[in-house]
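Engineer: Here you go, one structure.
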Amino acid sequence: MARAEIALAAALVTGYNALTMTAVNPGRVRRPRSLWLVALLLVAIGAANLALALDHARHADRYRTLGVSYPPLLRAGWGLLWAIVLLTVAAGLIGRRPWARRGAVLAVSNYAALSVLWSIGFARADFARQRIPFQVAVAAGLAVATWWIMRRQNVRAVFVTAQSEQHGIHRGEGA
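With the first letter of the sequence shown counted as 1, position 134 gets the number 1354 in this note's numbering; the numbers rise by one all the way through.
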């Protein structure tokens, strides 16, 4: 037997490739903590939007009586839409779906930009207007941090491994 064949046989038994000093089973690749952080952040923002949507839908008459500057049912629909999008992307990140990596960057950047535009469009009080620069800074920071995390090699490797598992491609099996 050739050296590579012996190493492959040992790798199948132990799950460790002695030649390359790496794990053979790509399913055992752990998700980086930064990926979990982004997923949990998306779950938190999605849950907050869901709670906001339910509150605005349930108490739309009270909000109209208070004279808020936006239509409460529009805010409820907007919150529900973002809750669905963000929770779906978070589930995709946790499940290592290949589309979720790009989806997270798109969802976070669009959510950040559109939430700032919402504030600009409906802010009437001086306090609300003075918050906008801070909101822009937080939104930009969140979008850049998400983009940076999703571009890191260890995060990309998790999704490449998951994609190869879906297509039945394993190390050591040439085509």
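By construction, the Cβ of each residue, glycine as well, lies at the ideal position given by its N, Cα and C atoms.
Would you mind sorting PRO1292 into buried or exposed? The rule is 16 or more other CB atoms within 10 Å of its CB.
Structural biologist: It is buried - the Cβ of PRO1292 has at least 16 other Cβ atoms within 10 Å.
Engineer: From ALA1377 to ALA1365, what does the alpha carbon distance come to, in whole angstroms?
Structural biologist: Straight-line Cα distance between these residues: approximately 18 Å.
Engineer: How close, in whole Å, do the beta carbons of LEU1313 and ALA1303 come, if the pair is a contact with beta carbons under 8 Å?
Structural biologist: No, LEU1313 and ALA1303 are not in contact; Cβ-Cβ is about 16 Å, not under 8 Å.
Engineer: Output needed for VAL1184: all residues of its chain with C-beta closer than 6 Å, excluding positions within five of it in sequence on either side, in chain order.
Structural biologist: Any question about residue 1184 goes unanswered here, given that the chain covers just 1221 to 1395.
Engineer: Just the Cα atoms here: how many angstroms apart are ARG1344 and HIS1276?
Structural biologist: Cα to Cα, ARG1344 sits roughly 19 Å from HIS1276.
Engineer: Could you give the DSSP three-state label for VAL1378: helix, strand or coil?
Structural biologist: Note: VAL1378 maps to helix in three-state DSSP.
Engineer: Rounded to whole angstroms, what is the Cα-Cα separation between ILE1340 and PHE1354?
Structural biologist: Each residue's Cα considered, the two are about 12 Å apart.
Engineer: So within the segment 1295 to 1342, which uninterrupted alpha helix (DSSP H) runs reach at least 4 residues, ignoring any that extend past its ends?
Structural biologist: Runs of the alpha helix (DSSP H) inside the segment 1295 to 1342: 1318 to 1342.
Engineer: Just reading off the alpha helix (DSSP H) that GLY1266 is part of, what are its end residues?
Structural biologist: Looking at the DSSP string, the run of the alpha helix (DSSP H) that includes GLY1266 is 1253 to 1278.
Engineer: Buried or exposed: which applies to ASN1269, given that a residue is buried once 16 or more other Cβ atoms fall within 10 Å of its Cβ?
Structural biologist: The residue is buried, with at least 16 neighbouring Cβ atoms inside 10 Å.
Engineer: With GLY1361 as the anchor, note down where its alpha helix (DSSP H) starts and where it stops.
Structural biologist: Here the alpha helix (DSSP H) through GLY1361 covers 1346 to 1371.
Engineer: Is ARG1250 helix, strand or coil by DSSP?
Structural biologist: Coil.
Engineer: Below 8 Å on the Cβ atoms is my guess for ALA1359 versus ALA1333; work out the distance and round it to an integer in Å.
Structural biologist: Yes, ALA1359 and ALA1333 are in contact; Cβ-Cβ is about 7 Å, under 8 Å.
Engineer: Which of the three DSSP states is assigned to TYR1283 in this structure?
Structural biologist: Helix.
Engineer: I'd like to check one pair, PHE1379 with ARG1321: are the Cβ atoms closer than 7 Å?
Structural biologist: Contact flag set, yes.
Engineer: Buried or exposed: where does TRP1256 fall if 16 or more other Cβ atoms within 10 Å of its Cβ makes it buried?
Structural biologist: Exposed, by the Cβ-count rule.
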